[in-house]
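Colleague: Heads up: the protein sequence lines correspond to chains S and Z, in order. Numbering follows the working numbering, with no gaps: position 54 of the first sequence is 54. Here the working numbering = 1-based position in the second sequence + 1000. Virtual Cβ for every residue (Gly too), placed ideally from N, Cα, C. What follows is a structure written as structure tokens; I'll ask about it next.
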Amino acid sequence: MKRNRFLNIILGGGTLAWLGSIFYPVFSFLNPPKRPEANVHSVKAGPADKLAVNSGEIIKFGRRPVLLIRMDTGEVRAFSATCTHLDCIVQYRQDSKQIWCACHNGYYDLRGRNISGPPPRPLDVYPVNIVNNEIIVSKPKQMG
Amino acid sequence: MLSDTGQKLYHWLDERFNLTPLIDYMQHKQVPVHKHSVWYYMGGVALFLFIVQVCSGILLLFYYQPGVDSSHESVRFIMTKVNFGWLVRSVHSWSANLMVFFVFVHMFSTFFTRAYQKPRELTWMTGFILLVLAMTFGFSGYLLPWDELAFFATKVGTDIAGAVPLIGEAMKIVLRGGDDVTGATLSRFYAIHVAMIPALFTVILGLHLLFVQRQGMHEPEAFKKLKPEQKKMIPFFPNFVLRDVLLWLIILNILLFLAVLFPWELGPKADPFVSAPEGIRPEWYFMFMFQFLKMLPAHIGFMEGEVAGILFFTLGGLVWLLTPLWAFKKRGKVDIMLLCGLLVIAFILVMTVIGYVY
Ligand code: HEM
Ligand code: FES
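Structure follows, in structure tokens:
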């Protein structure tokens, strides 16, 4: 009887180890390797006077989309264009002068704060500098 | 002459593989005839549409090229340059939707006739797995043309998966092949759509059909109570099979009619640096879940609304899968199962309608 149990444990453990030795490599294989993200600190976004007042445009910040807005006052602001709800890409609305996500009708104000609809968090703000009429968008500080 | 050759061939095979018992078995299998008999054909229709999917899908593979720079282009090529390419693609898309529809019809018909009861518990469970696989087919196929709608629908769909507690983030990354929906996602969905799910589906479908053949058709309550001489039956082979085939022909005609008159469209190419357009929505059979998630408040108790919603559907699916284990018996006039079924259908219909109207 005792020997029987001993054998069962050995066999059971062996089967488990065998299954593990198959599935562990398979699951690890499916988990994509981390690709180092090009460490972009700032991008040039073209001449400031090219961007019309009361309009917005999506630019590439490394691999991320960023929404550049020129407000009525002429001031230029930049926000992460990725909606904090479910990952859609937002746009500037000229009629309401707000940032809008078409996917589930989410709204943000021009400081990136979520003001209506499903978005749970504000958009990240990207600092903007204008140097010799060139728009320069830099990485938010808290993003490391 | 021809039947002569046929006879000879049959004998040749029979001598080697002993086919006669198999034919006998199929001829002796009886299918009940009663006023709910139409529902016996719904699984068969789903089966036929699956076969159509396999055939049209293999044809598409001859021209389709997965990749951020080639998916959309190759689908456009199929639609504009390849002879009858538009038809093959349209058939594949329409048939996919019809298949999911008929699997739903089939499932609810077996639910309401209580066909899941002992001894058909495993038939029901394999059937439910087939439904989940059919929906996975749809979700993965939707992205393959790499158009705008599909791109954002996939972003949203995989992001929802990411809200699952603990394993969500890992699941999302494995599904997407990285943090974002990119060419890596396309490769994965392609592998899932044309290799992984077809293999799984075929195995489970084989089991499902084997169970049905071994156990014969379920007889509804009223029919079971009849005396043996009052029960009207037809042989499975050839009578039932011939009727099946006739219905398949009708379905094929409807399918071609839809595919020709309402050719499937192709939206503008996906661009990860363009704002989402209006009208992003999942395919209709995901709409009820999607709409329900959307209507939940941001927080329910200590949970995020989304998480609560996902939990709700996971548990709901599990309960539905295990129906044979908890199903209530009919007591007198009250039929709790009938109510349950109607409630589920009402929920799905109401959510779907709201999803499309708003
Ligand atoms: C693509 C998916 C499916 C295919 C191709 C398929 C095919 C079939 C076929 C050909 C039959 C025999 C004829 C009939 O009863 O209609 C059958 C029976 C059955 N199926 Fe499915 N089926 C699918 C999905 C499902 C699903 C989702 C369920 C439920 C969760 C299900 C549950 C059953 C049950 C309980 C039976 C036995 C019915 C009886 O004996 O009366 N099937 N299936
Ligand atoms: S993804 Fe933006 S509101 Fe849902």
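1. Take Phe-1152(Z) as the anchor and find which of Lys-139(S), Asp-109(S), Val-90(S) and Ile-115(S) has the nearest alpha-carbon.
2. Quick check: the Cα distance between Val-1181(Z) and His-1299(Z), rounded to an integer number of angstroms?
3. What is the C-beta distance between Asn-106(S) and Cys-83(S), in whole angstroms, given that I count them as a contact (C-beta under 8 Å)?
4. In whole angstroms, what is the alpha-carbon distance linking Phe-1347(Z) and Lys-50(S)?
5. Counting C-beta neighbours from all protein chains within 10 Å, is the total for Asn-114(S) 16 or more, i.e. buried, or is it exposed?
6. Hey, how far is the Cα of Gly-144(S) from the Cα of Leu-123(S)?
7. Checking contacts by CB at 8 Å: is Leu-110(S) closer than that to chain Z?
8. Quickly, what does DSSP pair Ile-1078(Z) with across the bridge? List them, please.
9. What residue range does the beta strand (DSSP E) around His-1053(Z) cover?
10. In the DSSP assignment, the alpha helix (DSSP H) including Glu-1306(Z) goes from what residue to what residue?
11. Residue range of the alpha helix (DSSP H) that Asp-1087(Z) falls in?
12. In the DSSP assignment, the alpha helix (DSSP H) including Glu-1148(Z) goes from what residue to what residue?
13. Find out if the Cβ-Cβ distance for the pair Leu-86(S), Ala-78(S) is shorter than 8 Å.
14. Under a CB-based cut-off of 8 Å, is Asp-124(S) close to chain Z?
15. Would you identify the three-state DSSP class for Thr-73(S), choosing helix, strand or coil?
16. What residue range does the beta strand (DSSP E) around Ser-1140(Z) cover?
17. Taking Met-1042(Z) and Val-1100(Z) to be in contact with their CB atoms under 8 Å, please state how far apart those CB atoms are, rounded to whole angstroms.
18. Specify whether the segment 1228-1240 of chain Z and the segment 1014-1031 of chain Z touch according to this definition: at least 3 beta carbon pairs, one from each stretch, less than 8 Å apart.
19. Using a 10 Å radius around the Cβ and a threshold of 16 neighbouring Cβ atoms, would you call Gln-1291(Z) buried or exposed?
20. So, does the segment 1158-1176 of chain Z touch the segment 1043-1058 of chain Z, judging by three or more C-beta pairs under 8 Å?
21. Out of Leu-1266(Z), Trp-1012(Z) and Ile-1051(Z), point me to the one whose CA is closest to Pro-1085(Z)'s CA.
22. Tell me whether Leu-1311(Z) counts as near the ligand FES, meaning its Cβ is closer than 7 Å to at least one heavy atom of that ligand.
23. My assumption, with CB atoms under 8 Å, is that Tyr-186(S) sits in contact with Lys-139(S). Please give the rounded CB distance.
24. Alpha carbon to alpha carbon, what distance is there between Pro-1268(Z) and Asn-54(S)?
25. Which residues have a Cβ closer than 7 Å to any heavy atom of the ligand FES, listed in chain order?
26. What residues from chain Z crowd round Ala-102(S), counting only those whose CB sits closer than 9 Å?
27. Using a C-beta cutoff of 8 Å, does Asp-95(S) count as contacting chain Z?
28. Nearest CA to the CA of Arg-1120(Z): which residue from Glu-1219(Z), Glu-1015(Z), Trp-1248(Z) and Phe-1223(Z)?
29. In chain Z, what lies closer than 9 Å to Asn-31(S) by C-beta?
30. Hey, how far is the Cα of Val-1319(Z) from the Cα of Met-1337(Z)?
31. Tell me the DSSP secondary structure of His-1028(Z) in three-state form.
Modeller: Taking the coordinates as given:
1. Mapped onto the second sequence, residue 1152(Z) falls at position 152. Comparing Cα-Cα distances from Phe-1152(Z) to each of Lys-139(S), Asp-109(S), Val-90(S) and Ile-115(S), the minimum goes to Val-90(S).
2. Numbered from 1 along the second sequence, position 181 holds the residue referred to as residue 1181(Z). Numbered from 1 along the second sequence, position 299 holds the residue referred to as residue 1299(Z). The C-alpha of Val-1181(Z) lies about 27 Å from the C-alpha of His-1299(Z).
3. On the first sequence, position 106 is the one that residue 106(S) refers to. On the first sequence, position 83 is the one that residue 83(S) refers to. Note on residue identity: the sequence assigns Gly, not Asn, to residue 106(S). Between Gly-106(S) and Cys-83(S) the beta-carbon gap is near 6 Å, inside 8 Å, which marks them as a contact.
4. Here residue 1347(Z) is taken as the residue at index 347 of the second sequence, counted from 1. Here residue 50(S) is taken as the residue at index 50 of the first sequence, counted from 1. In a straight line, the C-alpha of Phe-1347(Z) is about 52 Å away from that of Lys-50(S).
5. For the purposes of this step, residue 114(S) is taken as residue 114 along the first sequence, with counting starting at 1. When all chains shown are included, Asn-114(S) counts as buried.
6. Within the first sequence, the letter at position 144 stands for residue 144(S). Within the first sequence, the letter at position 123 stands for residue 123(S). Low confidence applies to Gly-144(S): its pLDDT is 44, below 50, so where it sits in the model is not reliable, and the reading given next is rough at best. Straight-line Cα distance between these residues: approximately 16 Å.
7. As a position in the first sequence, residue 110(S) is number 110, starting the count at 1. Chain Z, which has no Cβ nearer than 8 Å to the Cβ of Leu-110(S), makes this no.
8. For the purposes of this step, residue 1078(Z) is identified with residue 78 of the second sequence, where counting begins at 1. Ile-1078(Z) pairs with nothing; no bridge assigned.
9. Looking up residue 1053(Z) in the second sequence gives position 53. For clarity, residue 1053(Z) is Gln in the given sequence; the question names His instead. Not the beta strand (DSSP E): Gln-1053(Z) falls in the alpha helix (DSSP H), residues 1042-1061.
10. Position 306 of the second sequence holds residue 1306(Z). It spans 1305-1321 - the alpha helix (DSSP H) in which Glu-1306(Z) sits, taken as one unbroken run.
11. Taking the first residue of the second sequence as position 1, residue 1087(Z) is located at position 87. Here the sequence assigns Leu to residue 1087(Z), which means Asp is not the residue at that position. Element bounds for Leu-1087(Z): 1085-1112.
12. In the second sequence, counting from the first residue as 1, residue 1148(Z) sits at position 148. Counting along the chain, the alpha helix (DSSP H) containing Glu-1148(Z) begins and ends at 1148-1161.
13. Within the first sequence, numbered from 1, the residue matching residue 86(S) stands at position 86. Within the first sequence, numbered from 1, the residue matching residue 78(S) stands at position 78. No, these two residues do not count as a Cβ contact at 8 Å.
14. Translated into the one-based positions of the first sequence, residue 124(S) becomes position 124. By this cut-off, Asp-124(S) is not an interface position.
15. Working through the first sequence from its first residue, we reach residue 73(S) at position 73. Thr-73(S) falls in the coil class under three-state DSSP.
16. By 1-based counting over the second sequence, the position of residue 1140(Z) is 140. Looking at the DSSP string, Ser-1140(Z) is not in any beta strand (DSSP E); the run it does join, the alpha helix (DSSP H), is 1121-1143.
17. Position 42 of the second sequence, counting from 1, holds the residue named residue 1042(Z). Position 100 of the second sequence, counting from 1, holds the residue named residue 1100(Z). Not confirmed; about 13 Å, so no contact.
18. yes
19. Here residue 1291(Z) is taken as the residue at index 291 of the second sequence, counted from 1. Label assigned to Gln-1291(Z): buried.
20. no
21. On the second sequence, position 85 is the one that residue 1085(Z) refers to. The question names Pro, but residue 1085(Z) is Gly in the sequence shown. Comparing Cα positions, the closest option is Leu-1266(Z).
22. Locating residue 1311(Z) in the second sequence gives position 311, counting from the first residue. No.
23. Within the shown structure, residues of chain S are numbered from 1 to 144, placing residue 186(S) beyond reach of any answer.
24. Residue mapping note: residue 54(S) aligns to position 54 of the first sequence, counting from 1. Residue mapping note: residue 1268(Z) aligns to position 268 of the second sequence, counting from 1. Between Asn-54(S) and Pro-1268(Z), the C-alpha separation is close to 27 Å.
25. Cys-83(S), His-85(S), Leu-86(S), Asp-87(S), Cys-88(S), Val-90(S), Cys-101(S), Cys-103(S), His-104(S), Asn-105(S), Gly-106(S), Gly-117(S), Pro-118(S), Pro-119(S) and Val-1156(Z)
26. The sequence position of residue 102(S) within the first sequence is 102, counting from 1. Residues of chain Z passing the Cβ test: Phe-1152, Ser-1275, Ala-1276, Pro-1277, Glu-1278, Gly-1279 and Ile-1280.
27. By one-based count along the first sequence, residue 95(S) stands at place 95. So, not an interface residue.
28. The residue given as residue 1120(Z) occupies position 120 in the second sequence. Taking Arg-1120(Z) as reference, the option from Glu-1219(Z), Glu-1015(Z), Trp-1248(Z) and Phe-1223(Z) with the minimal CA-CA separation is Glu-1219(Z).
29. For the purposes of this step, residue 31(S) is identified with residue 31 of the first sequence, where counting begins at 1. Residues of chain Z passing the Cβ test: Ala-1170, Ile-1173 and Val-1174.
30. Counting from one through the second sequence, the residue named residue 1319(Z) turns up at place 319. Counting from one through the second sequence, the residue named residue 1337(Z) turns up at place 337. Using only the alpha carbons, I get a separation of about 13 Å.
31. Here residue 1028(Z) corresponds to residue number 28 of the second sequence, with the count starting at 1. It is helical.
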